[in-house]
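J.: One structure, as structure tokens, below. Some questions next.
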Amino acid sequence: MELFSSEETLLKDSAAGFMSEHAPVQALRDIRDQKKALGFNQQLHKTLADMGWFGMLLPEDAGGYDSGHRAAGLVAEEMGRNLTASPFLSTAVLSAVALRQSGGEHLREWGPKIATGDVVIALAIDEGAKHNPSRIKATAEPDGNGFILNARKRAVFDGYNADRLIVVAKSGDETGLFLVDPSAAEVEIERNAMVDSRNAANIQITNLHLDGKDLLCPLEQGAAVLEATLRSGRAIAASEQLGVAREVAERTTAYLGERKQFGVPIGMFQALQHRLADLYCQIEQTASLISAAQRAIDTTSDSSDELTRAAKAKVAKVSRIATEEAVQMHGGIGMTDEVDIGLFMKRDRVLTEMLGDSAHHVDALLKKRGL
Amino acid sequence: MTSLDEFRMETRAWLQENCPQEIRKAVTVEDDICWGGRNWTFKSEAQKLWLERMAARGWTVPHWPKEYGGGGLTGDEVKILKEEMTRINALSPLESFGIWMLGPALLEYGSHEQKLEHLPKIARGEIRWCQGYSEPGSGSDLASVQTKGVDMGDHFLVSGQKIWTSYADKADWIFALVRTEPDAKKHKGISFLLFDMASEGVSTKPIRLISGSSPFCETFFDEVKVPMENVVDERGNGWTIAKYLLTHEREMVSNLDAIFGGSAGLYETAAKSIGLDETGRLDDPLLRADIGDFLVDEMALTAHLAAAKDFHRAGNQLGARSAELKYLGTELNKRRQSLVVQAGGLEALSGPEENGGIGNQSASWLRSKGNSIEGGTSEIMLSIISKAVLRLPSLG
Numbered sequence: 016m017e018l019f020s021s022e023e024t025l026l027k028d029s030a031a032g033f034m035s036e037h038a039p040v041q042a043l044r045d046i047r048d049q050k051k052a053l054g055f056n057q058q059l060h061k062t063l064a065d066m067g068w069f070g071m072l073l074p075e076d077a078g079g080y081d082s083g084h085r086a087a088g089l090v091a092e093e094m095g096r097n098l099t100a101s102p103f104l105s106t107a108v109l110s111a112v113a114l115r116q117s118g119g120e121h122l123r124e125w126g127p128k129i130a131t132g133d134v135v136i137a138l139a140i141d142e143g144a145k146h147n148p149s150r151i152k153a154t155a156e157p158d159g160n161g162f163i164l165n166a167r168k169r170a171v172f173d174g175y176n177a178d179r180l181i182v183v184a185k186s187g188d189e190t191g192l193f194l195v196d197p198s199a200a201e202v203e204i205e206r207n208a209m210v211d212s213r214n215a216a217n218i219q220i221t222n223l224h225l226d227g228k229d230l231l232c233p234l235e236q237g238a239a240v241l242e243a244t245l246r247s248g249r250a251i252a253a254s255e256q257l258g259v260a261r262e263v264a265e266r267t268t269a270y271l272g273e274r275k276q277f278g279v280p281i282g283m284f285q286a287l288q289h290r291l292a293d294l295y296c297q298i299e300q301t302a303s304l305i306s307a308a309q310r311a312i313d314t315t316s317d318s319s320d321e322l323t324r325a326a327k328a329k330v331a332k333v334s335r336i337a338t339e340e341a342v343q344m345h346g347g348i349g350m351t352d353e354v355d356i357g358l359f360m361k362r363d364r365v366l367t368e369m370l371g372d373s374a375h376h377v378d379a380l381l382k383k384r385g386l
Numbered sequence: 004m005t006s007l008d009e010f011r012m013e014t015r016a017w018l019q020e021n022c023p024q025e026i027r028k029a030v031t032v033e034d035d036i037c038w039g040g041r042n043w044t045f046k047s048e049a050q051k052l053w054l055e056r057m058a059a060r061g062w063t064v065p066h067w068p069k070e071y072g073g074g075g076l077t078g079d080e081v082k083i084l085k086e087e088m089t090r091i092n093a094l095s096p097l098e099s100f101g102i103w104m105l106g107p108a109l110l111e112y113g114s115h116e117q118k119l120e121h122l123p124k125i126a127r128g129e130i131r132w133c134q135g136y137s138e139p140g141s142g143s144d145l146a147s148v149q150t151k152g153v154d155m156g157d158h159f160l161v162s163g164q165k166i167w168t169s170y171a172d173k174a175d176w177i178f179a180l181v182r183t184e185p186d187a188k189k190h191k192g193i194s195f196l197l198f199d200m201a202s203e204g205v206s207t208k209p210i211r212l213i214s215g216s217s218p219f220c221e222t223f224f225d226e227v228k229v230p231m232e233n234v235v236d237e238r239g240n241g242w243t244i245a246k247y248l249l250t251h252e253r254e255m256v257s258n259l260d261a262i263f264g265g266s267a268g269l270y271e272t273a274a275k276s277i278g279l280d281e282t283g284r285l286d287d288p289l290l291r292a293d294i295g296d297f298l299v300d301e302m303a304l305t306a307h308l309a310a311a312k313d314f315h316r317a318g319n320q321l322g323a324r325s326a327e328l329k330y331l332g333t334e335l336n337k338r339r340q341s342l343v344v345q346a347g348g349l350e351a352l353s354g355p356e357e358n359g360g361i362g363n364q365s366a367s368w369l370r371s372k373g374n375s376i377e378g379g380t381s382e383i384m385l386s387i388i389s390k391a392v393l394r395l396p397s398l399g
């Protein structure tokens with residue numbers, strides 16, 4: 016029901032065409048079956064950047080296009096529909112926004128490289144099984160001009176073979192974002208292949224000496240920069256997950272029109288029709304919520320944090336129903352690897368956990384309302 | 004400054020000047036909503052003044068053409084007017100089935116004479132309309148109407164019974180579906196008739212609901228004389244108009260919360276009745292989780308309704324997708340009202356049944372049960388979506 020500008024429609028169409036041609040679900044199957052360590056295709060990363068999509072959230076003076084979150088969301092949705100494996104979320108969204116919010120020399124140095132697809136930068140924030148940025152244990156002790164960093168990070172998406180890491184650590188009560196070269200001897204990286212055939216590295220950093228200039232922004236701004244970074248990441252991840260939900264729902268709707276049992280298409284049975292119609296309604300209102308959240312970020316509205324959390328929470332629920340219903344309604348073939356539904360289900364659950372699940376965000380929303 | 008900015012400034016100044024202070028409030032009791040009509044008793048001088056002033060500018064129906072009593076405003080201007088009214092918390096000057104339903108139908112299908120006759124009276128709140136659709140034997144299968152109109156040359160003689168007629172006992176005129184072509188096929192034999200509820204042979208009987216209130220009536224017609232010129236559009240084309248109107252009704256119903264004022268105090272009721280634990284969270288983790296689920300869905304529907312309004316204002320028809328809004332809106336309200344009662348506990352369930360009305364939690368909860376039945380059941384909405392939006396194969 017969303018009204019798109021002509022620019023947005025153009026972007027949506029070109030992203031849809033590009034992903035289905037160059038980065039379809041089969042490309043993810045290839046990565047999985049060939050056990051490629053990287054979890055994405057490097058050539059594809061470069062081509063996506065050539066389309067201008069890695070500079071969408073970067074300012075023009077740092078090599079970007081300043082296209083905004085709604086535009087980035089439209090591209091991410093098509094990635095979700097095609098299970099496109101690329102370091103888009105880690106590098107073009109989370110790291111780009113962290114650098115942009117921090118400003119300064121790091122942005123000027125790394126921004127253009129992100130935009131051209133020449134680097135992968137990963138945000139190392141989570142430390143346990145569940146996302147919880149309020150309980151970070153990694154420490155950056157002041158040491159002369161710099162810091163000594165100790166961290167044990169989990170689920171660092173695209174952290175395996177990244178060119179740089181942005182490591183979140185506490186320095187006293189304050190939050191620091193540190194640019195870390197992963198080739199340092201004090202940094203141990205363990206590749207962790209995930210159920211969705213992508214990577215999320217485990218990273219151990221022991222007594223790494225950092226220079227003061229490795230800090231992205233002054234410590235007193237760290238918490239705000241991190242919050243903005245996570246907000247952007249959540250809003251765009253929500254679009255990718257919406258793409259997953261829409262794709263499986265549409266594939267299931269089509270299947271119900273084709274598959275015959277008892278002499279009729281099974282889509283004729285009201286027991287199935289009403290479940291799909293309900294799912295459709297849920298998906299559509301989720302789409303409006305996600306769009307509202309992204310547009311709120313782009314207009315720096317006060318409601319952007321609440322809308323983004325609600326969007327991330329809602330899409331996780333809806334997309335889970337979509338993938339589960341898709342398997343069930345496809346019947347026997349729905350549980351085979353030959354059909355793509357299972358691949359969507361796996362990516363869906365990883366996206367749910369990434370940057371906070373429904374419970375995490377609903378808790379924050381309720382607290383904000385004094386409940 | 005653009006012309007829209009100018010319009011906003013002028014509107015703001017006019018509202019500041021003309022909207023009485025007593026009208027700048029939320030709806031808290033039933034008669035805060037002005038329905039108009041011959042028998043309407045104004046709650047206050049301010050309510051009367053506000054209606055007259057707004058009607059004089061055509062702003063009770065700002066999007067209707069000026070010649071029919073409307074304001075002749077563009078979609079953008081209507082949006083600004085609504086925003087400026089919200090800004091000062093102004094009550095709506097007039098709500099009615101004439102505005103929501105008959106008006107749109109006449110604008111689309113009525114003759115010039117019918118528009119001139121009926122629309123200005125709706126706009127000024129002089130005539131209150133009710134809708135005669137459902138019959139005892141036709142609930143979800145609306146096209147099976149049995150009320151008949153016998154062709155007597157210059158008039159019909161209408162006989163039969165309607166049910167679930169909202170506020171029929173308070174309405175001045177009715178727009179009704181009547182079978183006038185007994186030999187035509189089911190959907191082709193129905194006409195859309197307009198007639199005065201004061202006509203001889205019309206009687207009404209309010210139906211008491213589980214909430215204690217009686218918003219609906221049974222309506223009886225015994226050889227009611229209806230002039231031939233009171234048929235809207237062609238004879239036998241009533242079903243087309245009814246279908247067109249039902250989409251308006253669904254848009255209206257799914258938007259009811261805007262009229263009745265938001266979350267119905269769920270969050271406040273929960274905090275007050277249950278209290279918070281030492282971490283500042285509601286001291287009932289299971290209810291808190293349900294409220295959290297609800298909150299997210301409420302935000303989603305709010306965003307979705309805003310998107311639908313923008314879509315509609317840009318000149319697009321919602322069509323079958325109004326079924327989606329009706330379904331989501333009414334199901335959400337049932338959840339909301341049920342949670343209010345759960346949060347309020349025995350407090351929400353106390354008080355005599357006849358205290359029904361706005362602000363009474365148990366009455367609102369009981370009344371909400373009808374939301375997913377009136378105006379087309381949730382099951383019918385899902386079937387419409389299956390067929391018209393998802394294009395799934397159907398039996399019929």
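Residue numbers (the working numbering), protein chains in the order written: chain V, 16 to 386; chain H, 4 to 399. Glycine residues also receive a C-beta, built at the ideal position from the N, C-alpha and C atoms.
1) Would a C-beta distance cut-off of 9 angstroms place R261 (chain V) and G95 (chain V) closer than the cut-off?
2) Specify the secondary structure class of Q134 (chain H) as computed by DSSP and reduced to three states.
3) Using the Cα positions of A261 (chain H) and L352 (chain H), report the straight-line distance between them to the nearest angstrom.
4) Measure the C-alpha to C-alpha separation of L84 (chain H) and V112 (chain V) and round it to an integer number of angstroms.
5) Closer than 7 angstroms between beta carbons: that is the criterion. Which residues of the segment 329-358 of chain H meet it against chain V?
6) Is the beta carbon of I244 (chain H) closer than 9 angstroms to that of F195 (chain H)?
7) Taking any Cβ of chain V, which residues in the segment 276-306 of chain H have a Cβ under 8 angstroms from it, in chain order?
8) Tell me the rounded alpha-carbon separation between Q219 (chain V) and V202 (chain V).
9) Mind listing which residues of the segment 263-285 of chain V have their C-beta closer than 8 angstroms to chain H's C-betas, in chain order?
10) Roughly how many angstroms separate the alpha carbons of A42 (chain V) and V263 (chain V), rounded to a whole number?
11) Please identify the residue among H:D34, H:V148, H:W38, H:P96 whose C-alpha is closest to the C-alpha of R56 (chain H).
12) Using CA coordinates, which residue listed in V:D229, V:S334, V:F55 is at the minimum distance from Y175 (chain V)?
13) Compare the beta carbon distance of W242 (chain H) and L180 (chain H) with 9 angstroms and say whether it is the shorter of the two.
14) Given this structure, state the Cα-to-Cα distance separating R324 (chain H) from R127 (chain H), to the nearest angstrom.
15) Count the other CB atoms within 10 Å of the CB of V279 (chain V); is the residue buried (16 or more) or exposed (fewer)?
16) Which residues in chain H sit within 7 angstroms of D317 (chain V), going by Cβ to Cβ distance?
17) Assuming L289 (chain H) and I277 (chain H) make a contact with CB atoms under 8 angstroms, what is their CB distance in whole Å?
18) Shorter than 9 angstroms from the beta carbon of M16 (chain V) to some beta carbon of chain H?
19) Measure the alpha-carbon distance for R60 (chain H) versus W53 (chain H) and round it to whole angstroms.
20) Rounded to whole angstroms, what's the CA-CA distance from L335 (chain H) to A326 (chain H)? Just pull it up for me.
21) Does any C-beta atom of chain V lie closer than 9 angstroms to the C-beta of L393 (chain H)?
22) Provide the residue(s) that pair with I193 (chain H) in DSSP beta bridges, ordered along the chain.
23) Between the Cα of V32 (chain H) and those of H:M302, H:N363, H:Y247, H:A317, spot the shortest distance and give me the residue it belongs to.
24) What residue does the beta strand (DSSP E) around P396 (chain H) start on, and which one ends it?
25) Out of V:L231, V:D173, V:L322, which has the shortest C-alpha to C-alpha gap to W125 (chain V)?
26) Identify the continuous beta strand (DSSP E) that holds D154 (chain H) and give its terminal residues.
27) What whole-angstrom Cβ distance do G79 (chain V) and G88 (chain V) have, given they're in contact under 8 angstroms?
28) Taking the alpha-carbon positions, what's the A38 (chain V) to R47 (chain V) distance?
29) Kindly indicate which residue of V:I129, V:R364, V:A307, V:H345 has the alpha-carbon position closest to the one of M209 (chain V).
30) Interface residues of chain V around E327 (chain H) at Cβ under 7 angstroms?
31) Leaving out five residues on either side along the sequence, give the residues of the same chain with a beta carbon under 8 angstroms from the beta carbon of D157 (chain H).
32) Starting from the beta carbon of D313 (chain H), find every residue of chain V whose beta carbon is closer than 7 angstroms, and list them in chain order.
33) Can you tell me where the beta strand (DSSP E) with I213 (chain H) in it begins and where it stops?
34) For L122 (chain H), which residues of its own chain have a beta-carbon under 7 angstroms away from its beta-carbon, when the five flanking residues on both sides are left out?
35) Along the chain, where does the beta strand (DSSP E) that runs through F284 (chain V) open and close?
36) Short of 8 angstroms in beta carbon distance, which residues of its chain neighbour N160 (chain V), apart from the five on each side in sequence? Order them along the chain.
T.: Taking the definition as stated:
1) Their beta carbons are under 9 angstroms apart, which means R261 (chain V) touches G95 (chain V) by this criterion.
2) strand
3) Note that A261 (chain H) has pLDDT 48, beneath the 50 cutoff, so the model's placement of it is unreliable and no number is given.
4) 38 angstroms
5) Y330, L331
6) yes
7) L279, G283, R284, L285, R291, A292, I294, G295, D296, L298, V299, D300, M302, A303, L304, A306
8) When the Cα atoms are used, Q219 (chain V) and V202 (chain V) turn out to be separated by approximately 6 angstroms.
9) T268, L271, G272, V279, P280, G282, M283, Q285
10) C-alpha separation (whole angstroms): 17 angstroms.
11) H:P96
12) V:F55
13) yes
14) 31 angstroms
15) exposed
16) Ordered by position in chain H, no residue passes the 7 angstroms Cβ test against D317 (chain V), which lies about 14 angstroms from the chain.
17) Incorrect: roughly 11 angstroms between the Cβ atoms, too far for contact.
18) yes
19) 11 angstroms
20) 14 angstroms
21) yes
22) H:R182
23) H:N363
24) Unbroken run through P396 (chain H): none, as it is neither H nor E.
25) In terms of CA proximity to W125 (chain V), V:L231 leads the group V:L231, V:D173, V:L322.
26) 151-154
27) The pair is not a contact, with the Cβ atoms about 16 angstroms apart (cut-off 8 angstroms).
28) 14 angstroms
29) V:R364
30) C296, E299
31) P230, M231
32) L18
33) Segment: none, I213 (chain H) is in no beta strand (DSSP E) and carries neither H nor E.
34) W67, Y71, G72, G106, L109
35) Premise fails: F284 (chain V) is in no beta strand (DSSP E) and is neither H nor E.
36) D226, G227
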